[in-house]
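If you're matching positions, the sequence shown starts at 1 in the working numbering and goes up one per residue. Don't be surprised by glycine CBs; every beta carbon is placed ideally from N, CA and C. Notes follow the structure.
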Amino acid sequence: MNTAIRTRFAPSPTGYMHIGNLRTALYAYLFARANDGTFILRIEDTDRSRYVADAVDFIRRTLDAAGIVPDEGPDDIGGDYGPYVQSERMEIYKKYAEQLVATGHAYRCFCSHTEEVPPAEGEKSFGGYPRTCRDLSPEEIEARLARGEAYVIRQKMPLTGETTFYDVLHGNVTIPNTELEDQVLLKSDGMPTYNFANVIDDRLMKVSHIIRGTEFITSTPKHVLLYEAFGWEPPVFVHLAPVMGRDEETGKTSKLSKRHGATSFNDLVEAGYPAAAIVNYVALLGWSPKTTNQEVFSMDELIECFSLEGLSKSPAVFDYDKLGWMSGEYFKAMTDEEFAEAARPFAGNLPANLAARWMQIAKLLKTRVTKLGDVRPAIAFLIEAPAFDAGLYENKRNKVTPAAAAELLPMLIEILAALPAEHWENDLLYALLEECIEREGWRKGTVMWVLRIAAAGQAVTPGGATEILSILGRETGLARLHGALDRLNELH
């Protein structure tokens, strides 16, 4: 067997890249890089009914955004073992299918779909096909070919015994051969089936390790029998446990799907999670490093730590809270300028006073959001004042009531109004209020709570009272305080 490590990611061009597929690509990439090997991108497009236009470009853009760089692949990526798109390899598959027919490991089947009948009660099912053409005489085959009858090529499965293969995570897996149908290898239009093309391509591209989802484990005996039929040594198999989602209402888990929320890399990026944070989190869905308790990794650090020994055969549960924590760690590691630039598109249209203070706003948000999609909701109160809520002025901890707020607010407005626009900055506002609090003997908590509620109209904000006022600017800030006072006075 070839000792060089060669892995592949072989997606079908059917749409966005699901998190499970991203993880498969990532693990194959990390294992290849960690062992100075080669990572291959191969497009498996034999199922034309599911083909989505531009999906190949989208797959490549997704891998690029995730920092997963193929060494070999379609188009400009290139390589010595192409083409890397299955629909461009038809003659190759035909050659090897005919080879199996010649050696007695496959046969031509002339049956129509209507002849593929269900088995009688108590009989074994062989995929709905009763193996009618398995033992046709050479003369009958030649006669039917001469008549131009359409046919498929089927694999001639052993009728007795077992097929066993070794999987890195699951150990020896054994399947009775009586459970295996005589699968179609080549369809009547010359298009190969997934199972056949998969084996031929992996062999010819010298793939050493096949890393893929556990849903393919039941197909692997068919692949192993194909390797045996050709006299080839199978590659190493690694079947990854599924990624699960948790139902918020029941707490039960099931395979991750749309009902659990965003499930594609693109969905998560559009929601505002940093691509690097997504990749970091996905790497830990079923793998843990053996040499460190570290959780935040760069791609280079993942490569350095990655090994198959760190994989788990237990399903991993996709946790949006944990992804949010991871995302927050990436935001904290950014410079203020980097975060401000990344977050600005998510803020949408801003009034001039807020646009001018975007850097100040971004600094407040940087340690308080877990995805950039939270930015606009977090600053909505700055754009438009929320509806007045007298209940927010009830705060026992800070000894605030609506009546106390109505009494205190005029004095605070008078103090703040004395500060000119050019000095309307957080530090100066805070220093001015601290001086007055000490002079008047007020409670700081009381003053700041009243100002926060009057200026923001809500209890939870990304900054304190003076930070909010400084961002709003003198004119808007004072206008909000006056508006709140008017509403408080209407209560009495």
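Taking 8 Å as the upper bound for CB-CB distance, Asn395 and Arg443 are not in contact here, some 11 Å apart. Beta-bridge analysis with DSSP links Asp167 to Gly171, Phe237. Ranked by Cα distance from Val152, the first of Phe196, Arg134, Phe110, Asp182 is Phe110.
Shown here, Ile379 sits in a helix according to DSSP, grouped into three states.
The closest CA to that of Ala405, considering only Pro420, Asp389, Ala417, is found on Asp389. With fewer than 16 other Cβ atoms from the protein chains shown falling within 10 Å of its own Cβ, Pro138 counts as exposed.
Just so you know, the alpha carbons of Glu440 and Pro386 end up roughly 31 Å apart. The alpha-carbon of Arg23 is positioned some 24 Å away from that of Phe165. Following the DSSP letters along the chain, one finds Leu41 in no alpha helix (DSSP H) but inside the beta strand (DSSP E) bounded by residues 38-41. Of the candidates Pro410, Val85, Gln360, Val85 places its Cα closest to the Cα of Phe9. Cβ neighbours of Ile77 within its own chain (closer than 6 Å, five residues either side excluded): Pro70. Between Pro235 and Ile175, the beta carbon gap of about 18 Å keeps them out of contact (Cβ cut-off 8 Å). For the 8 Å CB-CB criterion, Val243 and Asp167 do not form a contact.
Secondary-structure assignment with DSSP links Ala277 through no beta bridge to anything.
Boundaries of the alpha helix (DSSP H) around Gln99: 90-102. Annotation: the continuous beta strand (DSSP E) that includes His209 extends over 209-213.
Beyond the five residues adjoining it in sequence on each side, Leu481 comes within less than 6 Å, by CB distance, of Ile413, Ala454 in the same chain, given in chain order. Under the DSSP assignment, Gln155 falls in the beta strand (DSSP E) whose first and last residues are 152-155. The DSSP-derived three-state label of Trp424 is coil.
Per DSSP, Gly245 is one residue of the beta strand (DSSP E) stretching across 243-246. Counting only runs of 3+ residues, the beta strand (DSSP E) found wholly inside the segment 175-233 occupies 184-186, 209-213, in chain order. Contact between Thr62 and Phe31 is absent: CB atoms are separated by about 19 Å, not below the 8 Å threshold. A check of alpha carbon separations from Ile468 across Lys363, Ala106, Asn266 identifies Lys363 as the nearest. With three or more CB-CB distances shorter than 8 Å, the segment 127-136 counts as touching the segment 96-111. Distance from the CA of Gly245 to the CA of Pro315, rounded to the nearest whole angstrom, comes to 10 Å. DSSP, reduced to helix, strand and coil, places Ser307 outside both helices and strands of the structure shown, so it counts as coil. Non-local beta-carbon contacts of Leu285 in its own chain, meaning distances under 7 Å to residues more than five positions away in sequence, involve Arg23, Val243, Ala316, Phe318 in chain order.
Straight through space, the alpha carbons of Thr367 and Ser264 are spaced by roughly 25 Å. As computed with DSSP, Asn395 is found in a beta bridge with Val400.
Secondary structure of Glu72 (DSSP, three-state): strand. Taken through DSSP and simplified to helix, strand or coil, His18 comes out as strand.
Per DSSP, Tyr330 is one residue of the alpha helix (DSSP H) stretching across 320-333.
In the three-state scheme derived from DSSP, where H, G and I count as helix and E and B as strand, Ala459 is classed as coil. Boundaries of the beta strand (DSSP E) harbouring Thr7: 6-9, taken from the DSSP string. Assignment of beta-bridge partners to Glu162 by DSSP yields Pro176. Residue pairing by DSSP places Lys255 opposite Met244 in a beta bridge.
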